[in-house]
Amino acid sequence: MKPITTKIKKIGNSKGVIIPKKMLQEQELTDDIILTPVEGGVLISSVKEYSMDDLINLEKKKLEENNYLKMAENEIHTLSESELKAYTKETDEFNDFDVID
């Protein structure tokens, strides 16, 4: 569903926004929602209830992603050290030349 334009309406002493039924269903929004202030507006998101298994799986996924990130950082660090050694060797060879004024 594409973004829609709507109006803020007066509802009693408050104001509110009517969200089309199709959007509610597609975004799985229930009666309980979270309103998060963001730059230029408000983000509306669903309050989701998680089982203990869901929470454990989410934590496992975070740990796996963190481990992959650490492995990638180590690989980059290793590559940087080898590149530095190659560069140092090249510059040492260059420094062996005499400079003529």
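Under the working numbering, the very last position in the sequence shown is 102; numbers go up by exactly one each time. From the three backbone atoms N, C-alpha and C, an ideal C-beta is built for every residue, glycine too. Keep in mind that this is a model prediction, so the values were computed, not measured.
Residue range of the beta strand (DSSP E) that residue i falls in?
i     : result
Leu36 : 34-39
Lys49 : Segment: none, Lys49 is in no beta strand (DSSP E) and carries neither H nor E.
Lys10 : 10-12
Lys3  : Per DSSP, Lys3 belongs to no beta strand (DSSP E) and is neither H nor E.
Could you tell me the distance, in whole angstroms, from the CA atom of residue i to the CA atom of residue j?
i     : j     : result
Lys10 : Ile19 : 8 Å
Gly41 : Ala87 : 49 Å
Ser52 : Lys62 : 15 Å
Glu29 : Leu64 : 27 Å
Gln26 : Glu66 : 31 Å
Asp54 : Thr7  : 39 Å
Asp32 : Glu60 : 27 Å
Leu44 : Thr37 : 5 Å
Pro21 : Ser46 : 15 Å
Pro4  : Val39 : 17 Å
Ile12 : Met24 : 21 Å
Tyr69 : Glu50 : 28 Å
Just reading off the alpha helix (DSSP H) that residue i is part of, what are its end residues?
i     : result
Leu25 : 22-27
Can you pull the DSSP bridge partners for residue i?
i     : result
Gly42 : Val39
Lys16 : Lys11
So, under 8 Å CB-CB, residue i and residue j are touching, yes? Tell me the CB distance rounded to an integer number of Å.
i     : j     : result
Ile34 : Val48 : 6 Å
Taking 8 Å as the threshold (beta carbon to beta carbon), is residue i in contact with chain C?
i     : result
Asn68 : Absent from the structure is chain C; it holds one protein chain and no more.
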